[in-house]
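There are 2 protein chains.
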Amino acid sequence: MAKKKRTQPSPPPAAPKPKVKLPERDRKTLSEIEGLADGVVAAADRRRDPHVDIPSRTLSNVRYNKSKRFIEMGRNTNRRQLFNLSQAKSFMQTMLVASGAKQLIEEGKTTSIRGLYYLLKHTIEGTKEETFADQKESDPIIEDVEVLLNALREELHLYAQKRGDMIGPIILVDKGDEIDCSRMGSGGYGIPSIVEPDIIQFKSCQAKFILHVEKDTVWQRFNEDKFWRRHNCILTHGGGQPPRGVRRMLNRLHYELKLPVYCLLDNDPWGYYIYSVIKQGSINLAFESRRMAIPDARYLGLRSIDLDRCGLSDSVKITLNDTDRRRAKQIAAYPWFQGKAAWQKEIKRMLDNGFKLEVEALISKDISYVTDVYTPERLAEQDWLD
Amino acid sequence: MAKKKRTQPSPPPAAPKPKVKLPERDRKTLSEIEGLADGVVAAADRRRDPHVDIPSRTLSNVRYNKSKRFIEMGRNTNRRQLFNLSQAKSFMQTMLVASGAKQLIEEGKTTSIRGLYYLLKHTIEGTKEETFADQKESDPIIEDVEVLLNALREELHLYAQKRGDMIGPIILVDKGDEIDCSRMGSGGYGIPSIVEPDIIQFKSCQAKFILHVEKDTVWQRFNEDKFWRRHNCILTHGGGQPPRGVRRMLNRLHYELKLPVYCLLDNDPWGYYIYSVIKQGSINLAFESRRMAIPDARYLGLRSIDLDRCGLSDSVKITLNDTDRRRAKQIAAYPWFQGKAAWQKEIKRMLDNGFKLEVEALISKDISYVTDVYTPERLAEQDWLD
Numbered sequence: 000m001a002k003k004k005r006t007q008p009s010p011p012p013a014a015p016k017p018k019v020k021l022p023e024r025d026r027k028t029l030s031e032i033e034g035l036a037d038g039v040v041a042a043a044d045r046r047r048d049p050h051v052d053i054p055s056r057t058l059s060n061v062r063y064n065k066s067k068r069f070i071e072m073g074r075n076t077n078r079r080q081l082f083n084l085s086q087a088k089s090f091m092q093t094m095l096v097a098s099g100a101k102q103l104i105e106e107g108k109t110t111s112i113r114g115l116y117y118l119l120k121h122t123i124e125g126t127k128e129e130t131f132a133d134q135k136e137s138d139p140i141i142e143d144v145e146v147l148l149n150a151l152r153e154e155l156h157l158y159a160q161k162r163g164d165m166i167g168p169i170i171l172v173d174k175g176d177e178i179d180c181s182r183m184g185s186g187g188y189g190i191p192s193i194v195e196p197d198i199i200q201f202k203s204c205q206a207k208f209i210l211h212v213e214k215d216t217v218w219q220r221f222n223e224d225k226f227w228r229r230h231n232c233i234l235t236h237g238g239g240q241p242p243r244g245v246r247r248m249l250n251r252l253h254y255e256l257k258l259p260v261y262c263l264l265d266n267d268p269w270g271y272y273i274y275s276v277i278k279q280g281s282i283n284l285a286f287e288s289r290r291m292a293i294p295d296a297r298y299l300g301l302r303s304i305d306l307d308r309c310g311l312s313d314s315v316k317i318t319l320n321d322t323d324r325r326r327a328k329q330i331a332a333y334p335w336f337q338g339k340a341a342w343q344k345e346i347k348r349m350l351d352n353g354f355k356l357e358v359e360a361l362i363s364k365d366i367s368y369v370t371d372v373y374t375p376e377r378l379a380e381q382d383w384l385d
Numbered sequence: 000m001a002k003k004k005r006t007q008p009s010p011p012p013a014a015p016k017p018k019v020k021l022p023e024r025d026r027k028t029l030s031e032i033e034g035l036a037d038g039v040v041a042a043a044d045r046r047r048d049p050h051v052d053i054p055s056r057t058l059s060n061v062r063y064n065k066s067k068r069f070i071e072m073g074r075n076t077n078r079r080q081l082f083n084l085s086q087a088k089s090f091m092q093t094m095l096v097a098s099g100a101k102q103l104i105e106e107g108k109t110t111s112i113r114g115l116y117y118l119l120k121h122t123i124e125g126t127k128e129e130t131f132a133d134q135k136e137s138d139p140i141i142e143d144v145e146v147l148l149n150a151l152r153e154e155l156h157l158y159a160q161k162r163g164d165m166i167g168p169i170i171l172v173d174k175g176d177e178i179d180c181s182r183m184g185s186g187g188y189g190i191p192s193i194v195e196p197d198i199i200q201f202k203s204c205q206a207k208f209i210l211h212v213e214k215d216t217v218w219q220r221f222n223e224d225k226f227w228r229r230h231n232c233i234l235t236h237g238g239g240q241p242p243r244g245v246r247r248m249l250n251r252l253h254y255e256l257k258l259p260v261y262c263l264l265d266n267d268p269w270g271y272y273i274y275s276v277i278k279q280g281s282i283n284l285a286f287e288s289r290r291m292a293i294p295d296a297r298y299l300g301l302r303s304i305d306l307d308r309c310g311l312s313d314s315v316k317i318t319l320n321d322t323d324r325r326r327a328k329q330i331a332a333y334p335w336f337q338g339k340a341a342w343q344k345e346i347k348r349m350l351d352n353g354f355k356l357e358v359e360a361l362i363s364k365d366i367s368y369v370t371d372v373y374t375p376e377r378l379a380e381q382d383w384l385d
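Protein sequence lines correspond, in order, to chains D and Y. Number 385 marks the last residue of the first sequence (numbering that gives the first Met the number 0); no jumps. Number 385 marks the last residue of the second sequence (numbering that gives the first Met the number 0); no jumps.
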């Protein structure tokens, strides 16, 4: 095929385009990025080695803040220097990611973390050295830049894969479009990965609480049975471990609309961990807890007593494996679970049972047992773990 | 925790509930299921061995129908008998899945394939035998029942995981809710897994074509750049290999609204294969081709000439591995690609290149190169593979 004429050659990536006035959030992030660059220039001017001090994202540098009731980062940092053979590359990669974020913000565009990798990947002039060998190199640098600038990934104009839906009596505005989440057909409203207040505003809400379930298949059951209509709630799921957009949405709904959050998850270490992340934040993203964690979230089930309590058949048991047992013990040792007798009992019983239970196991009672009986009973009896 | 009183004991699963009049599609499926059961009774009455003949879902039993231009199932069947030690279990599992579908249809409910597994899993009375050891046993039986009854999975009231979104100037009705797909904010309309005409109706459509992209991250780029508004099209993605709901939606949009379908996929064997499935149907689900395949779908890119044609940097190449090479050769040998010189050249060039290219690689030119330059040029020049 003949080579095509290109009437509009693409501009060189670095050329800043004339832009409309940036939103305040973007201006704040830009000034953080410029501050980072200024630091390098200042060091050079004073003939010092340019460096950045990156807050350390390790277990030893997170702590559970008992008064805020979520995980916070400590103050340990790792120094990354330009004139250090083992750190020069990652120093330059750090600057490159920051400059990529600057470009995205200035152009008013967002991209995926894979997109940023491609945006920044090139062979350094005069060498055979690539800026990034593969995405495994750029992803952790993105997290470094997040903590360095104290900015959410979304504020760097980057997004993760979209996952998770919501439905219920709430009207919101998403990029100017009014979305009535009670009139979304069978599919619901797909929760975007960037849900900050300048993009999404809550217009009106009749719901009294949020029911968050683990998987879309369980969510479908609740949706099909119109649980959210009968119980006047917002129904969400996060496709397993909820991505940042879903966690941030839950956090905003909880704090801005004063809606309690109830979680219905599998009775296994993975379900416990999802609850832990929703409630207290995650270790890896501890710097985001202030905008993600929901310390008052409640764990509605499934519980390790449910095989007996609900009279389920032994057929639905799934035997614990070694990983399950190890994870369960780790979770029981989390500081935020340690002081809680009910949680210790819950986890111990699962270990003693020797099996886990998925929410879907309730189907063996009746297709709609989970929506007709299980969840309404838990809510009516205020029977949950905290 | 004390055992709870249950005021509403759940009904036994088999008890049919009084039902409203079923839609015609459900009545047809039910009569197929009853026909299956009648066959067993008739055999027993005549003192014959009950059996079912299940169309074989193997490569040797599919053929490319040149006039219909999609993959069809052949007439080979495998007999499954009750009184055969090696087949008795799967015979009974087949009946069990059919009876589970009957229950779902009669109750007007749907569930996931995992849900059906739990619904049907139990210990057979008086034995230690489980109906299904795990979901790996029930999933293929579900496909058997689909071909046996000539019914789509969705017609058995089963759904797969939801994946894929759409946006654009089309208004549809989903379970009675009117959805304006041009006013869906940043997230778009999540394509449900069941999109049959009794659930989803098209109300009005201004779009002139459909652009289907592989991944949600690429879809986000097109959505953010309002490509669908500038080019008056519907924008869809299937999160990789599109699930049935997305394929069926594309098929309905194509045939009912006369919209051409253009595919923008990665330049790798996986991208070629996605195109092949959208266009000709898949081998495993050949019995569904008549409602899934879109023989006139077009492959817009990426092409194996694109590194040169678009002047991309070598950095974006991803080296082919052995699996890629083997898959590429398999795909080149598909009957529906064999007679096509352009496709043979395309695949050969990729193999000669020794590398693959993701759509995201175009970002290295400019963040919006794919929406501003690449796709408009291909469309304007009618430059695609067929």
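All C-beta atoms in this analysis are idealised placements derived from N, C-alpha and C, irrespective of residue type, glycine included. Keep in mind that this is a model prediction, so the values were computed, not measured.
Check	Outcome
Can you check which of these residues, Y:Gly280, Y:Phe69, Y:Met94, is closest to Arg79 (chain Y) by C-alpha distance?	Y:Met94
Taking the DSSP output, what are the residues bridged to Pro54 (chain D)?	D:Thr76
Is Gly353 (chain Y) near Thr322 (chain Y), with beta carbons less than 9 Å apart?	no
Spell out whether any CB of chain D is found under 9 Å from the CB atom of Thr374 (chain Y).	no
From the DSSP output, which residues share a beta bridge with Asp179 (chain Y)?	Y:Ile170
Under DSSP, the alpha helix (DSSP H) around Phe221 (chain Y) begins and ends at which residues?	215-223
Where do the N-terminal and C-terminal ends of the alpha helix (DSSP H) with Gln343 (chain Y) fall, by residue?	340-352
Report yes if the CB atom of Asp382 (chain D) is closer than 9 Å to the CB atom of Glu376 (chain D), and no otherwise.	yes
Can you find the residues in the same chain that come closer than 6 Å, C-beta to C-beta, to Pro334 (chain Y), ignoring five residues on each side of it along the sequence?	Tyr63
Any contact of the region 107-114 of chain D with the region 355-372 of chain Y, i.e. 3+ C-beta pairs under 8 Å?	yes
Using a Cβ-Cβ cut-off of 6 Å (strictly less than) and excluding sequence neighbours within five positions of Gly270 (chain Y), which residues of its own chain qualify?	Leu264
Relative to the C-alpha of Pro196 (chain D), which candidate in D:Asp173, D:Arg297, D:Lys161 has its C-alpha closest?	D:Asp173
Given a cut-off of 9 Å, decide if Leu147 (chain D) and Ile53 (chain D) are closer than it, judged by their beta-carbon atoms.	yes
Output yes or no for whether 9 Å exceeds the beta carbon distance between Leu299 (chain D) and Tyr261 (chain D).	yes
To the nearest whole angstrom, what separates the beta carbons of Ile198 (chain D) and Ser181 (chain Y), a pair I think is in contact under 8 Å?	About 18 Å separates the two Cβ atoms, so there is no contact after all.
Among Y:Gly99, Y:Arg290, Y:Ser89, whose alpha-carbon lies nearest the alpha-carbon of Val51 (chain Y)?	Y:Ser89
Along chain Y, which residues have their Cβ under 7 Å away from the Cβ of Glu359 (chain D)?	Arg113, Gly114, Tyr117
Going by Cα to Cα distance, which pick from D:Ile166, D:Lys347, D:Thr235, D:Val39 is closest to Met91 (chain D)?	D:Val39
Let's test the definition: count the other Cβ atoms within 10 Å of the Cβ of Ala327 (chain D) and tell me whether it reaches 16, buried, or not, exposed.	buried
For Leu189 (chain D), decide whether its Cβ has a neighbour in chain Y, counting only Cβ atoms nearer than 9 Å.	One detail in the question is off: residue 189 (chain D) reads as Gly in this sequence, not Leu. Closer than 9 Å: yes.
Does DSSP classify Val212 (chain D) as helix, strand or coil?	strand
Can you list, in chain order, the residues of the region 236-268 of chain D whose Cβ is nearer than 8 Å to any Cβ on chain Y?	none
Could you tell me whether the Cβ atoms of Leu157 (chain Y) and Ala100 (chain Y) are closer together than 9 Å?	yes
Tell me the DSSP secondary structure of Gln381 (chain Y) in three-state form.	coil
Mind pulling the alpha helix (DSSP H) runs of 4 or more residues that sit fully within the region 70-134 of chain Y?	87-106, 112-119
By how many angstroms is the C-alpha of Glu71 (chain D) removed from the C-alpha of Ser275 (chain D)?	14 Å
Answer yes if the region 245-255 of chain D comes into contact with the region 197-214 of chain D, meaning at least three C-beta pairs across the two stretches below 8 Å, and no otherwise.	yes
May I have the straight-line CA-CA distance separating Ala332 (chain D) from Leu311 (chain D), to the nearest angstrom?	29 Å
Leaving out five residues on either side along the sequence, give the residues of the same chain with a beta carbon under 8 Å from the beta carbon of Ser367 (chain D).	Arg220, Asp224
According to the Cβ coordinates, are Cys204 (chain D) and Leu249 (chain D) closer than 9 Å?	no
Between Gln86 (chain Y) and the rest of its own chain, which residues show a CB-CB distance below 6 Å, the 5 nearest in sequence each way excluded?	Arg79, Gln80
Could you check if Ala379 (chain Y) is buried or exposed, using at least 16 other CB atoms within 10 Å of its CB as the buried criterion?	exposed
Measuring CA to CA, which of D:Thr28, D:Leu35, D:Lys214 is closest to Leu151 (chain D)?	D:Thr28
Please state the DSSP three-state secondary structure of His230 (chain Y).	coil
Give me the Cα-Cα distance between Pro241 (chain Y) and Glu154 (chain Y), rounded to the nearest whole angstrom.	19 Å
Kindly indicate which residue of Y:Trp342, Y:Ile166, Y:Leu119, Y:Asp133 has the alpha-carbon position closest to the one of Asn231 (chain Y).	Y:Ile166
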